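The sequence shown lines up with residues 186 to 265 when you count with this note's numbering.
Cβ atoms here follow ideal geometry from the backbone N, Cα and C, with glycine treated the same way.
These figures come from a predicted structure and were not determined experimentally.
Here's the structure we're looking at; comments come further down.
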Amino acid sequence: MLYDANLKASYRTEDELLKKRETELLYFQNQIEKTELNLKRNKDKLHQFQQQAANIELSGRVVTGNLKKRLIATEQEIKK
């Protein structure tokens, strides 16, 4: 009953409540899409860094500290 009273106090009509719900759903859908896009970008970036490191090692050179840091940072970003 308290929940109903709070809803009635917050929204004058059912339509107002439904519009608020729709607005929040759209917001969360956008947040999910942004997160999925960032994850894809980070995975692509990680793959590129891994390819670079592999090519460097295959050519007999040593992977730079900077590239190693970028690999680690990207892996950590993906794990978040």
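The residue from L224, L252 and L222 with its alpha-carbon nearest to that of Q236 is L252. Around the Cβ of T259, a 10 Å sphere holds 16 or more other Cβ atoms; the residue is buried. Contact check for I263 and K228: beta-carbon distance about 6 angstroms, within the 8 angstroms limit, so the pair qualifies. Pairing L192 with K265, the inter-Cα distance amounts to about 35 angstroms.
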